[in-house]
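Undergrad:
Numbering (this note's numbering), first residue to last: 1183 to 1500.
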């Protein structure tokens, strides 16, 4: 069951990514929608496709936010000189509203991917990034700064190098805090994504382009006074939020509950998740277990050797 569900999710993500890499002329225009009254656009099939594309943008933006947090959070926690530069800039960018970013990033992304839908997609994904990246990075930075010294001492006694100490101790210690910040930032991320999808793009031919998504679906439904379509879009948005929470965040929160560090007995029960319980009972193929074991071994022992051979540690220190 889980194998079929995973294949289905990968196929949907692949379809959404393929839709992103198309000529800019494939996007519907505001003039065409006004002429037809949005009848061909405000259908249930288009709503399902819009929900899939919106959710895919959310996860892509989340991935970039986590990557940004890992790079700059670690630099700020490890090096004092980098901390004096990164933290003020992050605090400044955190206070900038979404429209402040769109005023100068839209033209840049459109020029980065000329005559391609990827430029408009990048604008929407960047909206998700600005709603999440700062909170996740600050959570990782704070967790790295307050990692208990007794755990660090144990890691040193076991002979862990800096790479192994980070991935086997510090990152696991910071995982609950990072995960909760991602969950809290989801509300801002959904708002930013829907707002970016509603922001139409005017191309040099004086044509206003519409990016398919739940946000543009709601905007077109409001413009055509189709309140039934508005209600359907809001229901679809709520369903997407619930599915992401039930199938992604609740299992992750329950799975990372044992990473919490505390000296006192916590009487609070861990997060309940039926999806997590089903995943635990599922029989993982032996090939997947072996592949995971080899990847984990290379990541913990092989990657540090390559890191040292390439001299990345010296470059970062410089």
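Think of the CB as a built atom: it goes at the ideal place given N, C-alpha and C, for glycine as much as any other residue.
These figures come from a predicted structure and were not determined experimentally.
Which runs of the beta strand (DSSP E), 3 residues or longer, sit entirely within the region 1259-1316?
TA: Here no run is fully enclosed.
Undergrad: Starting from residue 1435, trace the alpha helix (DSSP H) both ways and give me its first and last residue.
TA: 1432-1437 is the span of the alpha helix (DSSP H), which, as asked, contains residue 1435.
Undergrad: Can you tell me which of 1353, 1425 and 1481 puts its alpha carbon nearest to the alpha carbon of residue 1191?
TA: The option with the nearest alpha carbon to residue 1191 is 1425.
Undergrad: Whose C-alpha, out of 1392, 1366 and 1361, is nearest the C-alpha of residue 1437?
TA: Out of 1392, 1366 and 1361, 1361 has the C-alpha closest to the C-alpha of residue 1437.
Undergrad: Any idea what DSSP makes of residue 1329, helix, strand or coil?
TA: Residue 1329 falls in the coil class under three-state DSSP.
Undergrad: Going by beta carbon distance, what residues of the same chain come within less than 6 Å of residue 1449, once the five residues before and after it are set aside?
TA: Since pLDDT at residue 1449 reaches only 47, below the 50 mark, its modelled position is unreliable, and no value is offered.
Undergrad: Can you give me the C-alpha to C-alpha distance between residue 1491 and residue 1222, rounded to a whole angstrom?
TA: Whole-angstrom Cα-Cα distance: 58 Å.
Undergrad: Hey, would you say residue 1326 sits closer than 8 Å to residue 1351, going by beta carbons?
TA: Not closer than 8 Å, so no.
Undergrad: Quick check: the region 1207-1220 against the region 1305-1323, are there 3 or more CB pairs under 8 Å?
TA: Touching, no.
Undergrad: Measure the Cβ-Cβ separation of residue 1363 and residue 1427 and say whether it is below 8 Å.
TA: No, they are not a contact pair.
Undergrad: Could you check which residue in 1299, 1377, 1251 and 1366 has the C-alpha nearest to that of residue 1208?
TA: The candidate whose alpha carbon is nearest that of residue 1208 is 1299.
Undergrad: Taking the alpha-carbon positions, what's the residue 1199 to residue 1245 distance?
TA: Those two C-alpha atoms are separated by around 14 Å.
Undergrad: Going by DSSP, what residues sit across from residue 1205 in a beta bridge?
TA: In DSSP, residue 1205 forms a bridge with 1298.
Undergrad: Report the rounded CA-to-CA distance for residue 1392 versus residue 1353, giving the unit in angstroms.
TA: Their Cα atoms are separated by approximately 40 Å.
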